[in-house]
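Visitor:
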Amino acid sequence: MTLLHLAIIAPFLFAILVPFLYKYFRKIHTGWFVLILPIVLFSYFVQFIDEMMDGNTIIQTAEWIPSLGINFTAYIDGLGLLFALLITGIGSLVVLYSIFYLAKEKEQLHHFYVYLLMFMGAMLGVVLSDNVIVLYTFWEFTSLSSFLLIGFWYTREKSRYGAQKSMMITIFGGLLMLGGFILLYLMTNTFSIREMISQVPAIMDDKLFVPALILILFGAFTKSAQFPFYIWLPDAMEAPTPVSAYLHSATMVKAGIYLVARFSPVFAGTAEWFWIVSAFGLFTMFWGSFNAVKQTDLKGILAFSTVSQLGMIMSMLGVGSAALVLDSVSDTYYSVAIVAAIFHLINHATFKGSLFMVVGIIDHETGTRDIRKLGGLMSFMPISFTISIIGAFSMAGLPPFNGFLSKEMFFTSMVRITELNILNLETLGLLFPIIAWIASIFTFIYSMIIVFKTFTGKFQPEKLKTKPHEAPIGMLISPIILASLVIIFFFFPSLLEYTIIEPAIASIIPGMLGADEKFHVHIQPWHGFNTELWMTIGVVLIGLLAFLMLSKWSGIYRFTPKKLTLNKGYDAAIRGLDKSSSTFTRFYMTGFIRDYLAYIFIFMIVIVGTSLVVKNGFSFNLRNTAPVGIYEAVLAAVMVIGTITVLFAKSRLTSIIALGSVGYSLSLFFVLFRAPDLALTQLCVETVSVALFLLCFYYLPELKKREKKLPFKLTNLIISLGVGAIVTLIGLAANSQRVSETISSYFIENSYELAGGKNMVNVILVDFRGFDTLFEITVLCIAALGIYGMIRLQAKKEGEE
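The UniProt record's numbering applies: residue 1 is where the sequence shown begins, and numbers increase by one.
#1: If we ignore side chains and look at the alpha-carbon of each, how far apart do Ala-471 and Ser-67 end up?
#2: Using a threshold of 8 Å, state whether the C-beta atoms of Pro-19 and Leu-37 are closer than that.
#3: If Leu-128 sits next to Tyr-44, beta carbons under 8 Å apart, how far is it from one beta carbon to the other, in whole angstroms?
#4: Under a Cβ-count criterion, where at least 16 other Cβ atoms within 10 Å of its own Cβ denotes burial, should Ile-537 be classed as buried or exposed?
#5: Output the boundary residues of the beta strand (DSSP E) element that contains Gln-60.
#6: At 4 residues or longer, what runs of the alpha helix (DSSP H) sit wholly inside the stretch 457 to 498?
#7: Below 8 Å between beta carbons: does that hold for Phe-147 and Ser-159?
#8: Taking the alpha-carbon of Asn-716 as reference, which of Val-688, Thr-610, Ile-600 has the nearest alpha-carbon?
#9: State the DSSP-derived secondary structure class of Asn-424, mapped to helix, strand or coil.
#10: Where does Asp-205 fall in DSSP's three states?
#11: Express the C-alpha separation of Leu-564 and Phe-492 in angstroms, rounding to a whole number.
#12: Taking the alpha-carbon positions, what's the Gln-460 to Ile-362 distance?
#13: Exposed or buried, which one is Ala-439 when buried takes at least 16 other CB atoms within 10 Å?
#14: Quick one: Cα of Met-312 to Cα of Trp-287, how far?
#15: Please look up how many angstroms separate the CB atoms of Met-316 and Ala-337, rounded, as I've assumed it's under 8 Å.
#16: Is the beta carbon of Phe-410 less than 8 Å from the beta carbon of His-344?
#17: By Cβ distance below 7 Å, which residues in the same chain neighbour Thr-142 in space, the five residues on each side in sequence not counted?
#18: Considering only the alpha carbon of each residue, which of His-248, Phe-229, Phe-385 lies closest to Met-237?
#19: Which value, in whole angstroms, describes the spacing of the CA atoms of Ile-791 and Leu-692?
#20: Where do the ends of the alpha helix (DSSP H) carrying Gln-101 lie?
#21: Is the CB-CB distance between Asp-297 and Arg-369 below 8 Å?
#22: Thinking just about the alpha-carbon of each residue, which of Lys-796, Val-260, Gly-269, Phe-267 is nearest to the one in Leu-310?
#23: In terms of residues, what are the limits of the alpha helix (DSSP H) holding Asp-677?
#24: Since Asn-131 sits in a beta bridge, which residues does DSSP pair it with?
#25: Name the residue from Ser-145, Phe-401, Phe-33 whose alpha carbon lies nearest to the alpha carbon of Ser-92.
#26: Compare the C-beta of Met-316 against all C-beta atoms of chain B and say whether one is closer than 8 Å.
#27: For Gly-456, which residues from the same chain have a beta carbon less than 8 Å from its beta carbon, with the 5 sequence-adjacent residues on both sides left out?
#28: Going by the CB atoms, is the gap between Leu-184 and Ala-436 shorter than 8 Å?
#29: Take Phe-221 and list the residues in its own chain whose beta-carbon comes closer than 6 Å to its own, dropping the five residues that flank it on each side.
#30: For Leu-597, is the classification buried or exposed, using 16 other Cβ atoms within 10 angstroms of its Cβ as the cut-off for buried?
#31: Scan the stretch 296 to 328 and note each continuous alpha helix (DSSP H) run of 4 residues or more that stays entirely inside, going in chain order.
#32: From Leu-464 to Gly-360, what distance separates their C-alpha atoms?
#33: Within 10 Å of its beta-carbon, does Glu-776 have 16 or more other beta-carbons around it, so buried, or fewer, so exposed?
#34: Output the boundary residues of the alpha helix (DSSP H) element that contains Trp-275.
#35: Could you tell me the alpha carbon to alpha carbon distance between Ala-649 and Gly-660, rounded to whole angstroms?
Next up, the structure:
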């Protein structure tokens, strides 16, 4: 276990300590202890920036299941480092914010921080794992921990609903993604992402290439809330604001973006990847921005804005892949599309994180997030107002904020895509800048709504639960830092160009354009009066006009069908699943053990019998089988007669005697087969069993004649004969088709020499299978302790009475 592995699992280890810190340091907010960890991890990952700038990568492996090729390989390159810095950096600010947002007297802080640390560790595992199975393990852990965080206020029905929806959708996508990983393994015979990238030419010619591509994109789209899977994100806003600021702006929803970027070297350059990623991304951007405008809850607006922004980033990753279809396309085009995606990913984390925190402050200080009740808060909350302007204007793509730079690059990539004469882009490509431009207009509108519907206009104190006032400085520190970065990255983009963005792009390009090629990222705010600038001016003018006339045209939202929505479809599917599962469960859960045994035996007959037929298992070789003597035949007949007598006996005593005859006959078989120790054991067990039956004779139920339908008896007869036949055939087939030498010769030769015992059976139980015997004894001890505890409890209860 290396220091890098320790950094990944450190949040899980620290989570173990949180309940003790909460219990023994009640006077100190638990968040102060938790804050130390993300700060230390952020400082640790910062030291890798220089190495990433030099083009190096860090690979450290800890063996897990080496026989299956599954090892915990921690891998840091530019892309992984970018996400690690976001996870720990934004995580530090979120923990600091939560200290002042969550009151230690009212909230179960130990639960909150345990869940938060679990999520942080899971995200680090996702972005720093080279093995896809390890990546998947952490991926599903993010779904589980986010479920706990979203449902933190579990007494609220909406919180439980949102948590369940997020987990159902993201885990569904994760399972499909696992299928894609398995297909990649079948094509490459490796679970390593780096090794998969080295085999790209062979992968692209495989018939499993497209199915693997689609399955992996299912995982990415569900996690990053792409259409039509975005429906979980708005309902996840029921989580505490620190959770929303962390999961839904900078980390969890970016996991799908990471997955697409990480596997672009494998799948990009194909028409399927280009059209699926870019088309779904662009439509998600439009659909999210269009629906954000009609929301009345500030968190609802931010939720749909997050959907829109994620679609924007996803579309840029898809559009950038078109450059790989033609080798002649210049690096400049490629850098515009992909660099814009990576740059906007960083920008989105800054401005959206600050906006989520401001919305939390508004809710915390006014008691509502409903914009219909808000207004005129600018004079009461001037700092929050300033932060909102910075964040919202950056999201709208206005200067002098970092969102303007990445939005211009986004427009550039959408315009240049129309210049390519591939993949029918000369015709369908015209839709790309049009959809991007329309979606940007709606983005501008909801950005203005967030600021001006909240902080300007008429003040409505009668609709507020509390008198509004500015938040304490502790709650403002984190959003101020993020808002400051929004401005700093606009004026000094070089802080990111060579340190963060270029190494992140270099993590993708070597697998696509060749390891020897290298390009340089250069971001500048002014490119002259070009098409992109005129598009931005058009967005501002039309968006401003639409915002001022919002009441005139917002009625269009009434025409959207309320019953034919994806949310309604999800609810109907869940209800149908619940109803059908209940019906099916009632069908087989009858409450009778005989029915359960019948199901088990039927499946056994069908599955094992089918396997024997398909694999040609009915092949018998009886040459080495000992002949059946008269004694064996007589004993077998006695056992059959005794068994039948038990079934048809009308007397309890007759049944006990017949059952005993079966057991004693079996002990005689052991004598004939020269196993005296087994015979002695069987005699003792059978004697005790018969004695117990006789002791309980008075309490045994009387054997009354029961009226049963013939089909039921016939079914039992068929099942019993089938089980007997299958078991007999398995035994004969196994004895006839030995694939290796019997192990008995090994015990005969080595029992005395290795264990010093002449009784081979005893040596096997005590020495060769000592752990097996030890665990059996342990089980018996546990059962004895349980029985002893019940007896003591019953005696105590009777004594009290």
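Quick reminder that beta carbons are idealized off the backbone N, C-alpha and C, glycines included.
Guide: Concretely, from the data shown:
#1: 56 Å
#2: no
#3: The pair is not a contact, with the Cβ atoms about 12 Å apart (cut-off 8 Å).
#4: exposed
#5: 58 to 65
#6: 473 to 491
#7: no
#8: Ile-600
#9: coil
#10: coil
#11: 47 Å
#12: 14 Å
#13: buried
#14: 11 Å
#15: 5 Å
#16: yes
#17: Phe-119, Ala-122, Met-123, Val-126, Met-252, Ala-255
#18: His-248
#19: 19 Å
#20: With the sequence shown as reference, residue 101 is identified as Tyr, and Gln is not the correct amino acid for it. From DSSP, the alpha helix (DSSP H) with Tyr-101 extends over 78 to 101.
#21: yes
#22: Val-260
#23: 676 to 695
#24: Ser-192
#25: Phe-33
#26: Of the protein chains in this structure there is only one, and it is not chain B.
#27: In the sequence on display, residue 456 carries Thr and not Gly. Cβ neighbours of Thr-456 beyond the five flanking positions: Gly-375, Gly-376, Met-378.
#28: no
#29: Phe-229
#30: exposed
#31: 298 to 321
#32: 15 Å
#33: exposed
#34: 271 to 292
#35: 14 Å
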